[in-house]
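Chemist: Sending over a structure as structure tokens; questions will come in a sec.
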Amino acid sequence: MYWIKKLLRLAATTILLLVILWISFKGALWLVSAEQLEERSEEETRSVVHWLPNDKYIAFNFSSSRTRSVRLLSNAIFEGQQAFDEPVNYAIEYQLLDTQGTLLDKHTYHHASKLVLAAQEQQVKQIIEDRKALSVASGQSFYIDVSRYPTASQIKLKLIPEEDTLRGVVVRLHAQTPTDTDDSQQIWLKLPLDWRERMLNYHTLGGNALTAWELTNAVRYDWQKLAPQGIPNIDFVSDILYETLPYNVITYDFSAQQWDLDSFYSAPNLTATFRVKSTEPLHFSANVPLSTLRLTWHDLNQQHAPSELQAVSLGDNLYKIEQVRPGLLTVQSSLPALTQWFQLDQPIAALHSYYYVLTTDTPAMYTVAGGSDVVLDLRDLDTEDSHALVTLYDAQNQAFARHKINLESRISQFDRLITPETLRQTVNESEKYYLRLPQSATKLSISSQSSIAVKLQSRRRDFHYQNVVCEQLCDNPLTDFVEIGAWFAQKATNEFIFTELQQILKVRLFEAPPLPVIKETDYASESLFEQHPISNTALVYSPANYFEPLSEPTPVHFRQIDNIHSINPTEHSTLKPPSVIALMQDLPQYIEFNAANNVIDDKIIASAKMADTLFINQGNNRHFIKTRLYKVSRGDVLSMNYRDKHKPLSIVIKPFVYPAAKSEQIPLIINTHLTGQYQAGITNEYTVAAKRYALMPSQNPAFMLHPQSTDIVSYPSITIKIGTDMQTLEKFAISAEDDMWISILEEHSAQPLTPLWWQNENT
-3 MYWIKKLLRL
7 AATTILLLVI
17 LWISFKGALW
27 LVSAEQLEER
37 SEEETRSVVH
47 WLPNDKYIAF
57 NFSSSRTRSV
67 RLLSNAIFEG
77 QQAFDEPVNY
87 AIEYQLLDTQ
97 GTLLDKHTYH
107 HASKLVLAAQ
117 EQQVKQIIED
127 RKALSVASGQ
137 SFYIDVSRYP
147 TASQIKLKLI
157 PEEDTLRGVV
167 VRLHAQTPTD
177 TDDSQQIWLK
187 LPLDWRERML
197 NYHTLGGNAL
207 TAWELTNAVR
217 YDWQKLAPQG
227 IPNIDFVSDI
237 LYETLPYNVI
247 TYDFSAQQWD
257 LDSFYSAPNL
267 TATFRVKSTE
277 PLHFSANVPL
287 STLRLTWHDL
297 NQQHAPSELQ
307 AVSLGDNLYK
317 IEQVRPGLLT
327 VQSSLPALTQ
337 WFQLDQPIAA
347 LHSYYYVLTT
357 DTPAMYTVAG
367 GSDVVLDLRD
377 LDTEDSHALV
387 TLYDAQNQAF
397 ARHKINLESR
407 ISQFDRLITP
417 ETLRQTVNES
427 EKYYLRLPQS
437 ATKLSISSQS
447 SIAVKLQSRR
457 RDFHYQNVVC
467 EQLCDNPLTD
477 FVEIGAWFAQ
487 KATNEFIFTE
497 LQQILKVRLF
507 EAPPLPVIKE
517 TDYASESLFE
527 QHPISNTALV
537 YSPANYFEPL
547 SEPTPVHFRQ
557 IDNIHSINPT
567 EHSTLKPPSV
577 IALMQDLPQY
587 IEFNAANNVI
597 DDKIIASAKM
607 ADTLFINQGN
617 NRHFIKTRLY
627 KVSRGDVLSM
637 NYRDKHKPLS
647 IVIKPFVYPA
657 AKSEQIPLII
667 NTHLTGQYQA
677 GITNEYTVAA
687 KRYALMPSQN
697 PAFMLHPQST
707 DIVSYPSITI
717 KIGTDMQTLE
727 KFAISAEDDM
737 WISILEEHSA
747 QPLTPLWWQN
757 ENT
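With the working numbering, letter number 8 in the sequence shown gets 4, and the count goes up by one each step, no holes.
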């Protein structure tokens, strides 16, 4: 009997082991045979998700007293492989209820979800079901602020499928609850390293620039996962979502109509613009007939009038523009239109910027450096004029200065905001105000009693502004010269709050074409004989703007003529006797004589007949100006004292390099610096003190009037604007990293009272 019992026990144990081994083998075989989309990694996590039914609601309970908001993460599931760039639409309907089952709120969120491409996105998301891997789309999310409903304790969800390609949608819900301690550092350090890394990746804050404020907000609340109510596999169905970190959650709240974010939107009240920097043909697509579009080219130098461009159809709503010059293009349409532009097979992208939306409860707070300068970019979001209050704080967090800014409500014809549904809407024009901060400033706040969008940029006062300048628009062709903008965007210390409350405005920025404004100012040339006595005259091509009215030219204005026989000495007899400039290849390469002189040397006449180029200061269309150039040697600093002089509106530098053989396609590096006293408080203009330019050779003709050689390279002129923020100008300094010849003009509000004899070489 004993041995029988022992044999039975051994048989039972053997059978149990065999069953366990069989189950383990089948489970391993099931996992191995699953169709994996990508190889697994050590960073893989498994999350319990719940399938959303479309015929009933699935309910989740949460604490009404401790929950501040509810976060819903959803992923679309596909049966098979889908096109990666084609979004699939679905919607989630939610209901908020209290403990009595009373409906408090109801809303439907629409999403556009794309399939995750693991090889490019560095993430794997899949669900394995019945030994088959289901493709998982990128994560979508939305937040529900339940603090507005103190009695809310339950949320119900239901799927509204909008396309047949969906296998279904899975969700995860988390409730945001406050932590039990205020010591953010203690909470942060107690978290496991992988949890810290995951939190940083999830919040997209980054581990290398986490401020104390961001750290506090990252740990002051905890996200408690919610479980569905009811019986598993009856009231709800669970599954396992496999994913590899880091991952990004893309938040959308799309309506049924979605607009391509890469397209330019235009309408009767909104014009889109973009810069063209090469002469290559333009290609574009449009969702409206070509006849409803108006494409106009604008010369940013304003030497040529705007011209309308003609496009040819390539079929399938594709078009091409052959003849294009560097400049600004405007896209206008009589119907709402979306156009997408390409040049050299590269898409032309629109500029955009982000603004914080101020309300009475959410001012924008910034940490600033004393002695730096800031620009406040403000947009009034109300239909009526508003105002903003700028407050400065010292190291003890005490307010010591306040500035009030009044804003005007003017709808922009170019800029537009992009809604979460990807729609474009009008927005008020940007108003920029500048503030030079005192040394004691450590913090800055911007508040308003109205709805205002704000963006703050800052700079060090003596920081260089570095730019490449071409005669026409161009991309930076220099590898060793990096362009440096004047201003750099600054993040608010309480950005987390604006992100959490969804008070961040995305605005697309478009450049307005230059207006044909006729200046009432006048330009006067500066005499530099005392500082730089080496000088010479040159003939420079300098046409007027296309919209400027014709004015009586002076004797220093010349036009090009074909031959000496076209000279009419009696024309414009009120002027002084006409002067002729002849340029030749043989020595002397330059001669000048009085065309009205009855006794002209035969040798001069013979030389003029053999001249390659002739100019005369007579007649119309006299676009060449005879001017005096002063030599500035390499490394020398040309300083101009303005302490006892009237401050000009701007200083214009026209640089040249002579002889030309030394500088073909070589940039000319110029440094400029202004010294003066600046106005305290808010100003609407800002003067950059230090600038550094890399000037590329210009195609505009210029000739040095020298018998030995007339070859000279012209460079684009640069204008140093002196704003109203500069109370007194003390000194202007300029230097170059190569020998150059320059002419300096000052812009004044009135003409000079005394004649400038060095401008007219005939006196």
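Here a beta-carbon is modelled for each residue, glycine too, at the ideal position from N, C-alpha and C.
Here the structure is a predicted model, which is why all the values come from computation and not from measurement.
Check this for me: beta carbons of LEU314 and LEU291, under 9 angstroms apart or not?
Modeler: Here residue 314 corresponds to residue number 318 of the sequence shown, with the count starting at 1. Here residue 291 corresponds to residue number 295 of the sequence shown, with the count starting at 1. In this structure, LEU291 does not lie closer than 9 angstroms to LEU314 by Cβ.
Chemist: Going by DSSP in three states, THR10 sits in which element: helix, strand or coil?
Modeler: Taking the first residue of the sequence shown as 1, we reach residue 10 at position 14. Here THR10 sits in helix by DSSP.
Chemist: Within its chain, find whatever has a CB closer than 7 angstroms to the CB of LEU511; leave out the 5 residues flanking it on each side and keep chain order.
Modeler: Along the sequence shown, one-based indexing puts residue 511 at 515. Closer than 7 angstroms at Cβ, skipping near neighbours: no residue.
Chemist: What are the uninterrupted segments assigned as beta strand (DSSP E) that are 3 or more residues long and contained completely in the stretch 513 to 556, given in chain order?
Modeler: As far as the stretch 513 to 556 is concerned, its whole beta strand (DSSP E) runs of at least 3 residues are 518 to 521, 531 to 537.
Chemist: When burial is assigned at 16 or more other CB atoms within 10 Å of the CB, is LYS2 buried or exposed?
Modeler: Your numbering for residue 2 matches position 6 in the sequence shown. With fewer than 16 Cβ atoms within 10 Å of its Cβ, LYS2 is classed as exposed.
Chemist: When DSSP labels each residue in this structure, what does PHE250 get in the three-state scheme?
Modeler: Within the sequence shown, residue 250 is the residue found at index 254, counting from 1. Note on PHE250: pLDDT 46, under 50, position unreliable in the model; no value is reported.
Chemist: Looking at THR609 and GLN695, is the spacing between their C-beta atoms short of 9 angstroms?
Modeler: Reading the sequence shown from its first residue, position 699 is the one you call residue 695. Reading the sequence shown from its first residue, position 613 is the one you call residue 609. Their beta carbons are not under 9 angstroms apart, which means GLN695 does not touch THR609 by this criterion.
Chemist: Which residue spans inside the stretch 343 to 394 form an unbroken alpha helix (DSSP H) run of at least 4?
Modeler: Complete alpha helix (DSSP H) runs here, min 4: none at all.
Chemist: What do you reckon, are the CB atoms on PHE396 and LEU388 nearer than 9 angstroms?
Modeler: Within the sequence shown, numbered from 1, the residue matching residue 396 stands at position 400. Within the sequence shown, numbered from 1, the residue matching residue 388 stands at position 392. In this structure, LEU388 lies closer than 9 angstroms to PHE396 by Cβ.
Chemist: With which residues is MET700 paired in a DSSP beta bridge?
Modeler: The sequence position of residue 700 within the sequence shown is 704, counting from 1. Note: MET700 sits in a beta bridge opposite ALA534.
Chemist: If we count the other Cβ atoms within 10 Å of its Cβ and call it buried at 16 or more, is VAL15 buried or exposed?
Modeler: For the purposes of this step, residue 15 is taken as residue 19 along the sequence shown, with counting starting at 1. Exposed, because fewer than 16 other Cβ atoms sit within 10 Å of the Cβ of VAL15.
Chemist: Using CA atoms only, rank isn't needed, just tell me which of VAL536, GLU681, ASP558 is closest to VAL709.
Modeler: Start at 1 with the first residue of the sequence shown, and residue 709 comes out as number 713. The shortest C-alpha separation from VAL709 is found at VAL536.
Chemist: Rounded to the nearest angstrom, how far is the Cβ of GLU743 from that of GLY719, given a contact under 8 angstroms?
Modeler: Stepping through the sequence shown from its first residue, residue 743 is reached at position 747. Stepping through the sequence shown from its first residue, residue 719 is reached at position 723. So it is not a contact: roughly 13 angstroms between Cβ atoms.
Chemist: Please tell me whether LYS687 and TYR461 are closer than 9 angstroms, where the distance is taken between their beta carbons.
Modeler: Taking the first residue of the sequence shown as 1, we reach residue 687 at position 691. Taking the first residue of the sequence shown as 1, we reach residue 461 at position 465. Result yes, Cβ atoms of LYS687 and TYR461 sit closer than 9 angstroms.
Chemist: Just list the residues that DSSP pairs ALA148 with in beta bridges.
Modeler: Sequence index remark: in the sequence shown, residue 148 carries index 152 (1-based). Note: ALA148 sits in a beta bridge opposite ASP94.
Chemist: Does the stretch 160 to 174 come into contact with the stretch 59 to 73, if we say contact requires no fewer than three beta-carbon pairs (one atom in each stretch) closer than 8 angstroms?
Modeler: Segments in contact, yes.
Chemist: Report the rounded CA-to-CA distance for ASN758 versus ASP582, giving the unit in angstroms.
Modeler: In the sequence shown, residue 758 corresponds to position 762, counting from 1. In the sequence shown, residue 582 corresponds to position 586, counting from 1. For ASN758, the predicted structure reports a pLDDT of 38, less than 50, and the residue's modelled location is therefore unreliable. The matter cannot be settled from this model.
Chemist: In the DSSP assignment, find the unbroken alpha helix (DSSP H) run with TRP494 in it and report its ends.
Modeler: On the sequence shown, residue 494 is found 498 positions in, with the first residue counted as 1. The sequence as given places Phe at residue 494; Trp does not occur at that position. Here the alpha helix (DSSP H) through PHE494 covers 491 to 496.
Chemist: Have a look at the DSSP bridge pairing and note the partners of MET580.
Modeler: Walking along the sequence shown from the start, residue 580 turns up at place 584. Answer by DSSP bridge pairing: none, since MET580 is not bridged.
Chemist: Check the Cβ-Cβ distances between PRO655 and every residue of chain B, and say whether any is below 9 angstroms.
Modeler: Protein chains in the displayed structure number just one, and chain B is not present.
Chemist: Using the three-state DSSP reduction, which class does LYS2 fall into: helix, strand or coil?
Modeler: The count along the sequence shown starts at 1 and reaches residue 2 at position 6. Here LYS2 sits in helix by DSSP.
Chemist: Along the chain, where does the beta strand (DSSP E) that runs through HIS106 open and close?
Modeler: Along the sequence shown, read from residue 1 onward, the residue named residue 106 stands at position 110. 99 to 109 is the span of the beta strand (DSSP E), which, as asked, contains HIS106.
Chemist: Roughly how many angstroms lie between the CA atoms of LYS152 and GLN96, to the nearest whole one?
Modeler: Here the question's residue 152 lines up with position 156 in the sequence shown. Here the question's residue 96 lines up with position 100 in the sequence shown. In a straight line, the C-alpha of LYS152 is about 14 angstroms away from that of GLN96.
Chemist: Within 10 angstroms of its Cβ, does TYR542 collect 16 or more other Cβ (buried), or is it exposed?
Modeler: For the purposes of this step, residue 542 is taken as residue 546 along the sequence shown, with counting starting at 1. Result: exposed.
Chemist: Taking its Cβ as the centre, do 16 or more other Cβ atoms sit within 10 Å of TRP18, making it buried, or is it exposed?
Modeler: In the sequence shown, counting from the first residue as 1, residue 18 sits at position 22. Counting Cβ neighbours within 10 Å, TRP18 comes out exposed, since fewer than 16 surround it.
Chemist: Would you identify the three-state DSSP class for LEU155, choosing helix, strand or coil?
Modeler: The count along the sequence shown starts at 1 and reaches residue 155 at position 159. Residue state, collapsed to three classes: strand.
Chemist: Please determine, among THR379, ILE621, GLU417, LEU237, the residue with the shortest C-alpha to C-alpha distance to VAL44.
Modeler: Counting from 1 along the sequence shown, the entry for residue 44 is found at position 48. Closest option to VAL44, Cα to Cα, is LEU237.
Chemist: Can you tell me where the beta strand (DSSP E) holding HIS300 begins and where it ends?
Modeler: The residue given as residue 300 occupies position 304 in the sequence shown. Careful: HIS300 lies outside any beta strand (DSSP E) and carries neither H nor E.
Chemist: What span of residues does the beta strand (DSSP E) with LYS52 cover, start to end?
Modeler: On the sequence shown, position 56 is the one that residue 52 refers to. No beta strand (DSSP E) contains LYS52, which DSSP labels as neither H nor E.
Chemist: What is the C-beta distance between LYS502 and TYR638, in whole angstroms, given that I count them as a contact (C-beta under 8 angstroms)?
Modeler: The residue labelled residue 502 in the question sits at position 506 within the sequence shown. The residue labelled residue 638 in the question sits at position 642 within the sequence shown. LYS502 to TYR638, Cβ: 44 angstroms. No contact.
Chemist: Using 8 angstroms for Cβ pairs, my map puts SER382 next to SER441. What's the rounded Cβ distance?
Modeler: Along the sequence shown, read from residue 1 onward, the residue named residue 382 stands at position 386. Along the sequence shown, read from residue 1 onward, the residue named residue 441 stands at position 445. In fact, because the Cβ distance is near 17 angstroms, the residues do not count as touching under 8 angstroms.
Chemist: THR762 by DSSP, collapsed to three states: which one?
Modeler: Summary: the structure shown does not reach residue 762, with the chain confined to residues -3 through 759, and so no result is reported for it.
Chemist: Under 8 angstroms by Cβ, that's how I've got PRO277 and ILE317 pegged, so tell me the actual separation to the nearest angstrom.
Modeler: Within the sequence shown, numbered from 1, the residue matching residue 277 stands at position 281. Within the sequence shown, numbered from 1, the residue matching residue 317 stands at position 321. Indeed they touch by this definition, with Cβ atoms about 6 angstroms apart.
Chemist: For PRO549, I'd like the list of residues in its chain whose CB is within less than 6 angstroms of its CB, leaving aside the five on either flank, ordered along the chain.
Modeler: Against the sequence shown, residue 549 aligns to sequence position 553. The residues are ARG618.
Chemist: To which residues of the same chain is LYS221 closer than 6 angstroms at the C-beta, ignoring the five residues directly before and after it?
Modeler: On the sequence shown, position 225 is the one that residue 221 refers to. The answer, listed in chain order, is HIS170.
Chemist: Would you call ALA268 buried or exposed, if buried means 16 or more other Cβ atoms sit within 10 Å of its Cβ?
Modeler: Reading the sequence shown from its first residue, position 272 is the one you call residue 268. Per the 10 Å Cβ criterion, buried.
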